[in-house]
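Numbering-wise (our numbering), the sequence shown opens with residue 251 and increments by one. Virtual Cβ for every residue (Gly too), placed ideally from N, Cα, C. Heads up, the thing below is written out as structure tokens.
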Amino acid sequence: MKEENVILVNENDEPIGLMPKLEAHEKALLHRAFSVFVLNEKNEIMLQQRAHHKYHSPLLWTNTCCSHQREGETNVQAGTRRLFEEMGFTTGLKELFSFIYKAPFDNGLTEHELDHVMIGYYNDEPKINADEVESWKWMAIDDVKTDMERNPDVYTVWFKIIFDEFYHYLEDHKV
251 MKEENVILVN ENDEPIGLMP KLEAHEKALL HRAFSVFVLN EKNEIMLQQR AHHKYHSPLL
311 WTNTCCSHQR EGETNVQAGT RRLFEEMGFT TGLKELFSFI YKAPFDNGLT EHELDHVMIG
371 YYNDEPKINA DEVESWKWMA IDDVKTDMER NPDVYTVWFK IIFDEFYHYL EDHKV
């Protein structure tokens, strides 16, 4: 299978080139990414546990899905595609905000992403793709916050950043 390219961007989210995903993470180059948060009618977040064989952050809990846009895709198109690929369902997505973060990993790779955060609503169970997702659960926003304070090592870096910086934004974004 051919490795996916990521879209390299400047700090204004203007594309400046394409690069294989692994190479971009090895070189810590800024690239476009997205994070999808799906909430249900109880205002719980659908969390996913990353598959055990992922090359970074295996078995860590994170937002509903995340990945990288493909060339020519809008953020919402990319989020919709990946939500179906990882969690087996689609729902309407709305862009909330974007931010830049840089996080090195123990394996020598670095996430340096301009991350577009999107939200959607869904009340059923997903049909997870076991190649991508180990497990999933619904969790109340306040419970995530408390658990993250008690057990920070079970969550992905980007999820902790989004949650720490934008917790109230998510909390206030009710159906």
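{"Item": "Cβ contact check for the segment 358 to 365 and the segment 327 to 346: 3 or more pairs under 8 Å", "Value": "no"}
{"Item": "Sequence-distant residues of its chain with Cβ nearer than 8 Å to Val425 (five each side left out)", "Value": "Confidence at Val425 is low in this model, with a pLDDT of 49, below 50, so its placement is unreliable and no value can be given for it."}
{"Item": "Backbone CA spacing between Glu384 and Glu276 [nearest angstrom]", "Value": "25 Å"}
{"Item": "Nearest candidate by alpha-carbon position, reference Val286, set Thr312, Pro354, Pro270, Trp388", "Value": "Thr312"}
{"Item": "Gln299 at chain D interface by Cβ criterion, 8 Å", "Value": "No chain D appears in the structure shown, which is made up of a single protein chain."}
{"Item": "Completely contained beta strand (DSSP E) runs for the segment 283 to 331, where each covers 3 or more residues", "Value": "294 to 300, 315 to 317"}
{"Item": "Which of helix, strand or coil DSSP assigns to Ile391", "Value": "helix"}
{"Item": "Integer Cβ distance of Glu335 from Ile257, believed to fall under 8 Å", "Value": "With 8 Å as the limit, Glu335 and Ile257 do not qualify as a contact, their Cβ atoms being about 18 Å apart."}
{"Item": "Expected contact under 8 Å - CB spacing of Lys387 and Leu297 to nearest Å", "Value": "6 Å"}
{"Item": "Backbone secondary structure at Tyr417 - three-state DSSP", "Value": "helix"}
{"Item": "Option nearest Lys304 by Cα separation, candidates Ile391, Asp393, Ala380", "Value": "Ala380"}
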